[in-house]
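Below is one structure; the comments refer to it alone.
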Amino acid sequence: MSFRSLTQRGSGRGGRCRTMLRGGVSSRRRACRTRLGPTTPGLSGDQHILGVCGMGITPSSTRRNRGAWYRTRAIRALILAAGMSVGIASVVPGASAQAGSQASSGKKYYLDCGAGNDSATGTSAGTAWRTLARVNTVTFQPDDSILLRRGTTCNGVLQPQGSGTAGKPIRVSAYGSGARPAIVGGGARAAVFLRNVQGWEIRNLDVSNPGAADGTPRTGIYVLLEDYGTGKHYVVEDVKVHDVPGCDCLQPELENSGGILFKAAGSSTPTGFDEIRVSRNVVSGVDNIGIGTLSQWSRRTPLYPSGSNSFVPITNVHIFANKLSDMGGDGILVQNGVDSLTEFNIVNGFGRRATASHAAILAFNSDRPVIQHNEVTGGAAFPPSFAFSVDAANSDIVYQYNYSHDNNGPFMLLCAFTGTNTDGATIRYNVSQNDKDLLLGTFQIPVIANGCDVPVTDVKIYNNVVHSTSATALVGTLHPTPMTVKNNIFVGRPEGSTIVDTVGVYDHNLYRNITSVQPGDTHAVTGDPLFTRPGASGTAGVLGFRLKCGSPAIGAGTVIPDNGGHDLYGFRVPGDAAPNIGAYQGPCADR
Numbered sequence: 004m005s006f007r008s009l010t011q012r013g014s015g016r017g018g019r020c021r022t023m024l025r026g027g028v029s030s031r032r033r034a035c036r037t038r039l040g041p042t043t044p045g046l047s048g049d050q051h052i053l054g055v056c057g058m059g060i061t062p063s064s065t066r067r068n069r070g071a072w073y074r075t076r077a078i079r080a081l082i083l084a085a086g087m088s089v090g091i092a093s094v095v096p097g098a099s100a101q102a103g104s105q106a107s108s109g110k111k112y113y114l115d116c117g118a119g120n121d122s123a124t125g126t127s128a129g130t131a132w133r134t135l136a137r138v139n140t141v142t143f144q145p146d147d148s149i150l151l152r153r154g155t156t157c158n159g160v161l162q163p164q165g166s167g168t169a170g171k172p173i174r175v176s177a178y179g180s181g182a183r184p185a186i187v188g189g190g191a192r193a194a195v196f197l198r199n200v201q202g203w204e205i206r207n208l209d210v211s212n213p214g215a216a217d218g219t220p221r222t223g224i225y226v227l228l229e230d231y232g233t234g235k236h237y238v239v240e241d242v243k244v245h246d247v248p249g250c251d252c253l254q255p256e257l258e259n260s261g262g263i264l265f266k267a268a269g270s271s272t273p274t275g276f277d278e279i280r281v282s283r284n285v286v287s288g289v290d291n292i293g294i295g296t297l298s299q300w301s302r303r304t305p306l307y308p309s310g311s312n313s314f315v316p317i318t319n320v321h322i323f324a325n326k327l328s329d330m331g332g333d334g335i336l337v338q339n340g341v342d343s344l345t346e347f348n349i350v351n352g353f354g355r356r357a358t359a360s361h362a363a364i365l366a367f368n369s370d371r372p373v374i375q376h377n378e379v380t381g382g383a384a385f386p387p388s389f390a391f392s393v394d395a396a397n398s399d400i401v402y403q404y405n406y407s408h409d410n411n412g413p414f415m416l417l418c419a420f421t422g423t424n425t426d427g428a429t430i431r432y433n434v435s436q437n438d439k440d441l442l443l444g445t446f447q448i449p450v451i452a453n454g455c456d457v458p459v460t461d462v463k464i465y466n467n468v469v470h471s472t473s474a475t476a477l478v479g480t481l482h483p484t485p486m487t488v489k490n491n492i493f494v495g496r497p498e499g500s501t502i503v504d505t506v507g508v509y510d511h512n513l514y515r516n517i518t519s520v521q522p523g524d525t526h527a528v529t530g531d532p533l534f535t536r537p538g539a540s541g542t543a544g545v546l547g548f549r550l551k552c553g554s555p556a557i558g559a560g561t562v563i564p565d566n567g568g569h570d571l572y573g574f575r576v577p578g579d580a581a582p583n584i585g586a587y588q589g590p591c592a593d594r
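In the numbering used here, each residue carries its 1-based index in the sequence shown increased by 3.
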């Protein structure tokens with residue numbers, strides 16, 4: 004039985020058929036994605052136990068290897084922690100993409116929605132404007148700033164005009180004291196809408212867009228480029244986005260809903276983005292996509308020949324240290340990304356108002372995406388939701404150093420659909436704890452599910468821990484294309500869990516409470532891996548998968564070429580001697 008036969012989702016992202024189950028990275032790049040640095044600018048110490056703050060890891064923009072410093076800092080911190088439519092012109096009556104009154108370069112403009120005056124100059128706190136509509140009449144210049152007074156609420160839509168540059172962006176932020184200024188969209192297409200502009204930075208706002216739960220597409224912050232060319236330099240940082248009910252709508256050709264969305268649209272001028280940074284935001288109560296990039300410029304051979312318009316990449320995407328909760332659908336989605344980096348994010352609750360299957364963090368139609376140091380929990384069961392997905396039309400995707408736990412659905416889906424090809428997936432140094440398998444009728448969806456319409460090729464799964472004492476099936480595959488599965492620890496329920504994979508290449512894995520060792524795994528290890536504290540709840544549970552002295556997993560693995568250099572906990576992975584089995588490569592731990 005195929006996954007597709009189980010449930011039909013109709014057309015999905017980019018016209019794909021998203022069924023019930025959506026359905027060799029270079030050594031240079033792997034190295035550059037995993038080097039670590041000494042500082043974590045701008046993040047608080049409790050941001051993320053697996054992320055920059057919790058483990059002392061520096062974003063990949065600062066890449067220097069600190070060896071012993073990193074290991075010490077990492078373990079210490081862990082212990083201490085123990086969418087859119089084509090042709091839309093404007094969402095603001097009277098505002099357009101054409102130039103309004105001209106603002107001089109480098110000015111600061113003030114908005115006080117409680118006590119301002121739209122007839123004033125707006126160039127000081129004492130002469131602040133009062134309404135968003137007044138702001139929307141101005142075409143801003145590079146290096147200008149729009150400052151909203153703290154403690155105030157602005158109703159309506161912010162749709163400013165004008166473009167900045169990377170060196171002189173136009174900034175939207177706050178002034179004064181008190182709570183961050185709020186923009187309440189009131190059910191509009193977007194609360195903050197940037198259309199056919201570039202060089203913008205948005206910080207320190209509270210953005211919501213409440214409305215009826217009627218499936219109407221809505222967005223919190225929406226950046227739309229339509230027949231624009233390549234827009235450059237967009238930053239959304241330290242913004243709260245919440246209460247954005249919308250549609251569970253998946254096709255880029257149609258309108259979409261989300262918290263923070265970037266979309267390339269149109270049909271005449273190839274359009275994309277370069278340099279998107281979304282960091283340190285809190286996104287909650289949002290439908291469809293929490294944070295995402297979307298594109299109508301997706302067609303390419305051989306990966307996605309059925310896409311719309313010729314492929315235009317979205318480059319220099321860094322989605323970093325965001326907290327997302329209560330997602331109606333996906334948490335974070337990168338479409339059309341080239342060398343995108345999604346790291347140090349927390350997704351707690353996804354797929355909660357879904358009509359189709361979703362994932363917490365994924366890429367689609369992307370080249371060499373890296374998804375690392377993220378924490379995912381609270382996924383819904385039905386429609387099936389997955390912590391992570393190796394989705395359609397991707398090449399050389401890497402999932403590494405992630406912690407998935409206590410989801411009501413599986414840890415990982417590998418899925419391509421008819422008319423696409425997905426080639427190259429590396430899944431390493433991740434921990435899946437208490438994630439569930441799912442039963443649809445008599446069909447079991449395992450914790451790691453390999454299969455949709457078309458097989459994913461060149462899959463390497465190594466040095467992971469899959470620990471689920473309630474799942475009937477831990478791994479399953481439906482296609483004749485083999486996965487390479489090495490150095491993993493599989494722990495099932497006490498009465499036994501299954502691995503159903505007749506074609507995979509298994510070697511040097513450890514099996515505990517598994518009904519049978521995989522045929523061909525001639526170096527298999529069976530028995531208790533002697534984790535320090537398996538099954539511990541919450542974020543700190545990742546500490547429990549270090550290895551005690553005497554563990555049969557210590558030194559029992561096989562050398563993996565191009566192994567990424569370090570493990571989940573920051574310890575070096577040997578390239579010239581047998582590594583440990585599992586995600587921990589450090590010395591044995593007492594507790």
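No residue lacks a Cβ here, since even glycine has one placed at the ideal position from N, Cα and C.
Unbroken beta strand (DSSP E) run spanning residue i, endpoints
{"i": "Val138", "result": "Careful: Val138 lies outside any beta strand (DSSP E), inside the alpha helix (DSSP H) at 135 to 138."}
{"i": "Arg280", "result": "275 to 282"}
{"i": "His245", "result": "243 to 247"}
{"i": "Tyr509", "result": "508 to 510"}
{"i": "Ile294", "result": "292 to 298"}
{"i": "Ala592", "result": "Element bounds for Ala592: n/a, residue is neither H nor E."}
{"i": "Gly541", "result": "Premise fails: Gly541 is in no beta strand (DSSP E) and is neither H nor E."}
{"i": "Lys326", "result": "326 to 330"}
Residue i - DSSP class collapsed to helix/strand/coil
{"i": "Ala128", "result": "helix"}
{"i": "Leu546", "result": "helix"}
{"i": "Ala586", "result": "coil"}
{"i": "Asp524", "result": "coil"}
{"i": "Asn158", "result": "strand"}
{"i": "Arg371", "result": "coil"}
{"i": "Val434", "result": "strand"}
{"i": "Gly403", "result": "Rather than Gly, the amino acid found at residue 403 in this sequence is Gln. Correct three-state label for Gln403: strand."}
{"i": "Ser398", "result": "strand"}
{"i": "Arg21", "result": "In this prediction, Arg21 has a pLDDT of 39, which is less than 50 and means its spatial position is unreliable; what the coordinates show is noted afterwards. It is coil, neither helix nor strand."}
{"i": "Gln201", "result": "coil"}
{"i": "Ala366", "result": "strand"}
{"i": "Glu258", "result": "coil"}
{"i": "Tyr572", "result": "coil"}
{"i": "Tyr113", "result": "strand"}
{"i": "Ala419", "result": "strand"}
{"i": "Ile335", "result": "strand"}
{"i": "Asp209", "result": "strand"}
{"i": "Arg302", "result": "strand"}
{"i": "Leu533", "result": "coil"}
{"i": "Gln144", "result": "coil"}
{"i": "Lys551", "result": "strand"}
{"i": "Thr480", "result": "strand"}
{"i": "Thr233", "result": "strand"}
{"i": "Asn453", "result": "strand"}
Anticipated Cβ contact below 8 Å, residue i with residue j, distance rounded
{"i": "Thr274", "j": "Gly232", "result": "6 Å"}
{"i": "Ser211", "j": "His245", "result": "5 Å"}
{"i": "Leu151", "j": "Pro184", "result": "4 Å"}
{"i": "Gly223", "j": "Ala182", "result": "Not confirmed; about 17 Å, so no contact."}
{"i": "Val457", "j": "Thr423", "result": "7 Å"}
{"i": "Asn368", "j": "Gln338", "result": "6 Å"}
{"i": "Ala193", "j": "Val160", "result": "7 Å"}
{"i": "Gly249", "j": "Thr219", "result": "6 Å"}
{"i": "Asp409", "j": "Gly454", "result": "Wrong, their Cβ atoms sit about 24 Å apart, outside the cutoff."}
For residue i, the residue or residues it bridges with in DSSP
{"i": "Gly340", "result": "Ile317"}
{"i": "Arg152", "result": "Tyr178"}
{"i": "Phe493", "result": "Val469, Tyr514"}
{"i": "Val353", "result": "Note that residue 353 corresponds to Phe in the displayed sequence, not to Val. According to DSSP, Phe353 bridges with Gly382."}
{"i": "Asn566", "result": "Note: Asn566 sits in no beta bridge, so no partner."}
{"i": "Ser500", "result": "Ile517"}
{"i": "Ile596", "result": "Nothing can be reported for residue 596, as the shown portion of the chain is limited to 4 through 594."}
Near the ligand ZN: residue i beta-carbon under 6 Å from a heavy atom
{"i": "Gly293", "result": "The ligand content of the structure shown is nil, which means the ligand ZN is not present either."}
Meets three-Cβ-pair contact criterion under 8 Å: the segment 363 to 377 and the segment 399 to 413: Because the criterion of three Cβ pairs below 8 Å is met, the segment 363 to 377 and the segment 399 to 413 touch.
Meets three-Cβ-pair contact criterion under 8 Å: the segment 503 to 512 and the segment 533 to 540: Three or more beta-carbon pairs separated by less than 8 Å are not found between the segment 503 to 512 and the segment 533 to 540, which leaves the two stretches without contact.
Three CB pairs or more closer than 8 Å across the segment 192 to 207 and the segment 155 to 175: Yes: at least three Cβ pairs fall under 8 Å.
The segment 384 to 400 / the segment 411 to 418 touching (three or more Cβ pairs under 8 Å): They touch, by the three-pair rule.
Contact between the segment 299 to 315 and the segment 345 to 354 (3+ Cβ pairs under 8 Å): Short answer: they don't touch.
Three or more C-beta pairs below 8 Å linking the segment 319 to 335 and the segment 434 to 454: Three or more beta-carbon pairs separated by less than 8 Å are not found between the segment 319 to 335 and the segment 434 to 454, which leaves the two stretches without contact.
Cβ contact check for the segment 418 to 432 and the segment 455 to 466: 3 or more pairs under 8 Å: Taking one beta carbon from each stretch, the segment 418 to 432 and the segment 455 to 466 have 3 or more pairs nearer than 8 Å; the two touch.
Cβ contact check for the segment 557 to 567 and the segment 499 to 509: 3 or more pairs under 8 Å: No, they do not touch.
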